[in-house]
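Numbered by the numbering used here, the letters in the sequence shown go through residues 1 to 384 in order.
This report concerns only the one structure given below.
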Amino acid sequence: MIPYGRQHIDEADIQAVVDTLRSDWLTQGPAIERFEQAVAQRCGAADAVFVCNATAALHIACLAAGLGPGDRLWTSPNTFVASANCALYCGAEVDFVDIDPGTLNMSLPALREKLERAQGQRALPKVVVPVAFAGQSCDLRGMRALADEYGFTLLEDASHAIGASYAGEPVGSNALADMTVFSFHPVKIITTGEGGMVLVRDAATAEHLRRLRSHGITRDPAAMQGPSEGGWYYQQIELGFNYRATDLQAALGLSQLAKLDGFVARRRQLAERYSQLLAKAGIGLPQSQALAESAWHLYVVQVPAPRRRAIFDALRVAGIGVNVHYHPVHLQPWYRRLGFAEGDFPQAEACYQRSISLPLYADLTDAAQDQVVAALLDALEHAA
Ligand SMILES: *Cc1c(COP(=O)(O)O)cnc(C)c1O
Numbered sequence: 001m002i003p004y005g006r007q008h009i010d011e012a013d014i015q016a017v018v019d020t021l022r023s024d025w026l027t028q029g030p031a032i033e034r035f036e037q038a039v040a041q042r043c044g045a046a047d048a049v050f051v052c053n054a055t056a057a058l059h060i061a062c063l064a065a066g067l068g069p070g071d072r073l074w075t076s077p078n079t080f081v082a083s084a085n086c087a088l089y090c091g092a093e094v095d096f097v098d099i100d101p102g103t104l105n106m107s108l109p110a111l112r113e114k115l116e117r118a119q120g121q122r123a124l125p126k127v128v129v130p131v132a133f134a135g136q137s138c139d140l141r142g143m144r145a146l147a148d149e150y151g152f153t154l155l156e157d158a159s160h161a162i163g164a165s166y167a168g169e170p171v172g173s174n175a176l177a178d179m180t181v182f183s184f185h186p187v188k189i190i191t192t193g194e195g196g197m198v199l200v201r202d203a204a205t206a207e208h209l210r211r212l213r214s215h216g217i218t219r220d221p222a223a224m225q226g227p228s229e230g231g232w233y234y235q236q237i238e239l240g241f242n243y244r245a246t247d248l249q250a251a252l253g254l255s256q257l258a259k260l261d262g263f264v265a266r267r268r269q270l271a272e273r274y275s276q277l278l279a280k281a282g283i284g285l286p287q288s289q290a291l292a293e294s295a296w297h298l299y300v301v302q303v304p305a306p307r308r309r310a311i312f313d314a315l316r317v318a319g320i321g322v323n324v325h326y327h328p329v330h331l332q333p334w335y336r337r338l339g340f341a342e343g344d345f346p347q348a349e350a351c352y353q354r355s356i357s358l359p360l361y362a363d364l365t366d367a368a369q370d371q372v373v374a375a376l377l378d379a380l381e382h383a384a
């Protein structure tokens, strides 16, 4: 089976983890800060906070944005459930903004219209989470202007997009977003096994995120109520979590980060190759927006909806590990219980009905890709 995604682990990665195992620190040691600084530097961010996964990163980023009961978070329905669940963890309400049928990202006109309506109803969001679907940022320039006009926090879920850029700036720089989240799950661009990161614009937010990552505890006398009682002393000054990642993960992340440019270059090459080989297949291919350079986490094609199931099944039978991104979040049973229903976000629903994600990862060979293309062309011709 050719999988839809997989990690690339080399001897340097293995050695980095083994070296950490032999060191004094398995967790909260020097590798954490080194990895945070390296990612911040690579992306041009002021600071970065490494946590156990991107779901946790989204949760504490929302808390740092002040999201709580009575507040609203809006995101794209075409995403992994974590982009929306982070609002529910904070006791806030979730709503969605439909997607652009070309880029499959949150639609800027749809966001603008929804904001205009929400303003009349005094129901504006506190946080908006655009998702860089498949590795390509949304229309962040337009969204920044709306964030300034309506006063919400722009939190980019760039779980798919480390190594991408937008308007000439690396994703994660927060040139336009207020905060950015990356995922280091093995199917993503670089991996730490499990892992996530919040990139921020200022030191105060980073400090708050680090406190939320570790139980809401501080050792900084300046942040304490009353005087410190000695060298052992710490205070819990808010409710945080244990969202820490280990030094083993950070060491792996540092080793992976050194390969990021190569990974993205190979993914881009494979994506271009798919687009050439499938140019005459009569199916929908990924569309780029002018300002965005994608990291190419996914290569999603659109086939006729009535035949999607048959084409998908034929590919699986042929040993091609295709996948579908995404079942719209608002149609998950949990979200239907909150009142969402079919027809709420028609573009995301139509996209779901037509989409198939083809295998794409740095180690995919041209020969394996040819096999995927041949199987797809065959399925397009024969699968009923
Ligand atoms: C993978 C993913 C997440 C969650 O990442 P984890 O590190 O597995 O928690 C969140 N949002 C999107 C869009 C993702 O693809």
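The beta-carbon is built from N, C-alpha and C at its ideal position, and this holds for glycine as well.
Note that this is a predicted model, so its numbers are computed, not measured.
To the nearest angstrom, report how far apart residue 276 and residue 204 are at their CA atoms.
47 Å
Alpha carbon to alpha carbon, how far is residue 270 from residue 156?
25 Å
Sorry if obvious, but does the Cβ on residue 36 come closer than 7 Å to a heavy atom of ligand 1?
no
Mapping the DSSP letters down to three states, classify residue 169 as helix, strand or coil.
strand
Could you compute how far the alpha carbon of residue 14 sits from the alpha carbon of residue 261?
20 Å
Ordered list of beta strand (DSSP E) runs contained in the stretch 173-229, each at least 3 residues
179-183, 196-200
Start and end residues, beta strand (DSSP E) containing residue 347:
Where residue 347 is concerned, there is no enclosing beta strand (DSSP E), although the alpha helix (DSSP H) it sits in stretches over 346-354.
What alpha helix (DSSP H) runs, 4 residues minimum, are completely inside the stretch 39-94?
Correct list: 54-64, 82-89.
From which residue to which residue does the alpha helix (DSSP H) around residue 438 run?
A question about residue 438 goes unanswered here, because the residues of the chain that appear run from 1 up to 384.
Going by beta-carbon coordinates alone, are residue 345 and residue 77 separated by less than 8 Å?
yes
Shortest alpha-carbon distance to residue 52 belongs to which of 242, 317, 286, 268?
242
Below 8 Å on the Cβ atoms is my guess for residue 355 versus residue 324; work out the distance and round it to an integer in Å.
6 Å
From residue 295 to residue 228, what distance separates their C-alpha atoms?
47 Å
Just the C-alpha distance for residue 253 and residue 35, rounded to the nearest angstrom, thanks.
7 Å
Regarding residue 164 and ligand 1, is the C-beta to nearest heavy atom distance less than 7 Å?
no
For residue 93, which residues from the same chain have a beta carbon less than 6 Å from its beta carbon, with the 5 sequence-adjacent residues on both sides left out?
These residues qualify, in order along the chain: 72.
What do you reckon, is the C-beta of residue 85 under 7 Å from a heavy atom of ligand 1?
Answer for residue 85: no, Cβ out of range of ligand 1.
Residues that residue 27 bridges to, as DSSP identifies them:
246
contact_flag[the stretch 308-328, the stretch 355-365] where n(CB pairs < 8 Å) is 3 or more:
yes
Since residue 302 is in the beta strand (DSSP E), which residue starts that stretch and which ends it?
299-302
Report the rounded CA-to-CA distance for residue 255 versus residue 124, giving the unit in angstroms.
42 Å
Residue range of the alpha helix (DSSP H) that includes residue 116
108-120
Return yes when the C-beta of residue 53 is under 7 Å from any heavy atom of ligand 1, and no when it is not.
yes
Pick helix, strand or coil for residue 329, following the three-state DSSP scheme.
helix
Identity of the residue in 142, 161, 164 nearest residue 176 by Cα:
Ranking the options by Cα distance to residue 176, first place goes to 142.
Burial state of residue 339, where buried means 16 or more other Cβ atoms lie within 10 Å:
Flag for residue 339 reads exposed.
Pull up the distance between the alpha-carbon of residue 83 and that of residue 244, whole angstroms please.
20 Å
Measure from the alpha carbon of residue 299 to the alpha carbon of each residue in 369, 341, 318, then state which is nearest.
369
Would you say residue 246 touches ligand 1, meaning its beta carbon is less than 7 Å from a heavy atom?
no
Between the stretch 41-51 and the stretch 189-206, do three or more beta carbon pairs fall short of 8 Å?
yes
Could you say if the stretch 156-167 and the stretch 107-127 meet the contact criterion of at least three C-beta pairs nearer than 8 Å?
no
Could you check whether the Cβ of residue 131 sits closer than 7 Å to any heavy atom belonging to ligand 1?
Residue 131: yes, Cβ under 7 Å from ligand 1.
Is residue 194 near ligand 1, judged by its Cβ being under 7 Å from some heavy atom?
yes
So what's residue 237 in DSSP terms, helix, strand or just coil?
coil
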